[in-house]
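Taking the working numbering, I'd label the letters of the sequence shown as residues 8 to 215. Glycine is no exception: its CB is placed at the ideal position from the N, C-alpha and C atoms. Keep in mind it's a predicted model, so treat the numbers as computed, not measured. This report concerns only the one structure given below.
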Amino acid sequence: MASTIEEQLASLIKAIEGLTKCRHENDAKLSKLTNKIDNMIEQRSSQAPPKLPKIQDEGESYIKQTNIKEIHLSTQGLIHIVQLNDFIIKAIKDKSESSFKFSPTYAKTCTQRIDSLKIFEGYQPPKLQQFDDKENPKEHIAHFIETSNDVGTYGDYLVKEFVSSLKENAFDWDTDLKTNSIEYWEKLEQEFLSHICHAPNSRGTTGS
Numbered sequence: 008m009a010s011t012i013e014e015q016l017a018s019l020i021k022a023i024e025g026l027t028k029c030r031h032e033n034d035a036k037l038s039k040l041t042n043k044i045d046n047m048i049e050q051r052s053s054q055a056p057p058k059l060p061k062i063q064d065e066g067e068s069y070i071k072q073t074n075i076k077e078i079h080l081s082t083q084g085l086i087h088i089v090q091l092n093d094f095i096i097k098a099i100k101d102k103s104e105s106s107f108k109f110s111p112t113y114a115k116t117c118t119q120r121i122d123s124l125k126i127f128e129g130y131q132p133p134k135l136q137q138f139d140d141k142e143n144p145k146e147h148i149a150h151f152i153e154t155s156n157d158v159g160t161y162g163d164y165l166v167k168e169f170v171s172s173l174k175e176n177a178f179d180w181d182t183d184l185k186t187n188s189i190e191y192w193e194k195l196e197q198e199f200l201s202h203i204c205h206a207p208n209s210r211g212t213t214g215s
């Protein structure tokens, strides 16, 4: 179960307090490591390459003790409030994004080309009639095109807006289309009419 925001904040505050408390100790360890490395570099010209397991272990220990990154302390050992605020926001954002990473998402039925089409600036989505597969599909298409044209959308731009005019079973039909299967408006129109004309209880059913 994901941690709550309160638990995240409490954990961050505890970690920051620990970081502040051991700052001077860590600085001393880092200085010691730096001096060791400097001495080894000076001796390198006359000696064989030295082994570094001890320094590596100490370095890893230092990193583990300071596992909060990108927080800088002032010379007084205080954390700037802006840094703390940014760090907390970033931590919460990262947690939220990871929570949604495995959530099911709506797979777009149109191709990348159509999905990347940009609506002109100032565009106001029209109020579309909602189709639920019990109405006349050809009349719905005609009304949808006319309404969309009135606000300046034509051709393949209609593909991006058409799903907004569907509801219930008709909406489910659209979401069940294969991903990236709709390449242009005429194909979506053809798929829609073909489906509705073969759907039970539809006014588009032939022979009724």
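Whole-number beta carbon distance between residue j and residue i, since they are thought to touch under 8 angstroms
| i | j | result |
| --- | --- | --- |
| Pro133 | Asp163 | Their Cβ separation, rounded to whole angstroms, is 17 angstroms, which puts Pro133 and Asp163 out of contact at 8 angstroms. |
| Leu195 | Phe169 | 6 angstroms |
| Cys139 | Lys97 | The identity of residue 139 in the sequence shown is Asp, whereas the question assumes Cys. With 8 angstroms as the limit, Asp139 and Lys97 do not qualify as a contact, their Cβ atoms being about 44 angstroms apart. |
| Ile23 | Ile121 | Not really, about 48 angstroms apart at Cβ, beyond 8 angstroms. |
| Ile99 | Pro144 | In fact, because the Cβ distance is near 47 angstroms, the residues do not count as touching under 8 angstroms. |
Opening and closing residue of the alpha helix (DSSP H) in which residue i lies
| i | result |
| --- | --- |
| His205 | Looking at the DSSP string, His205 is not in any alpha helix (DSSP H), and its letter there is neither H nor E. |
| Val170 | No alpha helix (DSSP H) contains Val170, which DSSP labels as neither H nor E. |
Straight-line gap, residue i to residue j (C-alpha atoms, nearest Å)
| i | j | result |
| --- | --- | --- |
| Thr116 | Ser38 | 59 angstroms |
| Gln137 | Phe199 | 14 angstroms |
| Gln131 | Thr160 | 10 angstroms |
| Glu14 | Leu124 | 42 angstroms |
| Ile148 | Gln119 | 23 angstroms |
| Ile126 | Leu165 | 11 angstroms |
| Lys185 | Glu193 | 16 angstroms |
| Ser172 | Ile152 | 11 angstroms |
| Thr11 | Lys36 | 35 angstroms |
| Glu128 | Glu146 | 29 angstroms |
| Asn42 | Glu32 | 15 angstroms |
| Trp180 | Thr154 | 22 angstroms |
| Tyr191 | Ala17 | 52 angstroms |
| Asp93 | Ser201 | 53 angstroms |
| Leu19 | Asp34 | 21 angstroms |
| Asn176 | Lys21 | 52 angstroms |
| Lys141 | Lys167 | 23 angstroms |
| Gly25 | Asn46 | 31 angstroms |
| Asn187 | Leu135 | 24 angstroms |
| Gln197 | His150 | 16 angstroms |
| Thr182 | Ile95 | 37 angstroms |
| Glu49 | Leu40 | 14 angstroms |
Three-state secondary structure assigned by DSSP to residue i
| i | result |
| --- | --- |
| Phe151 | helix |
| Ile23 | helix |
| Leu135 | coil |
| Leu40 | helix |
| Ile126 | coil |
8 angstroms Cβ cutoff, residue i in contact with chain B
| i | result |
| --- | --- |
| Arg120 | The displayed structure is made up of one protein chain only, and chain B is not part of it. |
Cβ-heavy atom distance, residue i to the ligand GDP, below 7 angstroms
| i | result |
| --- | --- |
| Gly162 | In the structure shown, the ligand GDP is absent, as is every other ligand, since no ligand is present at all. |
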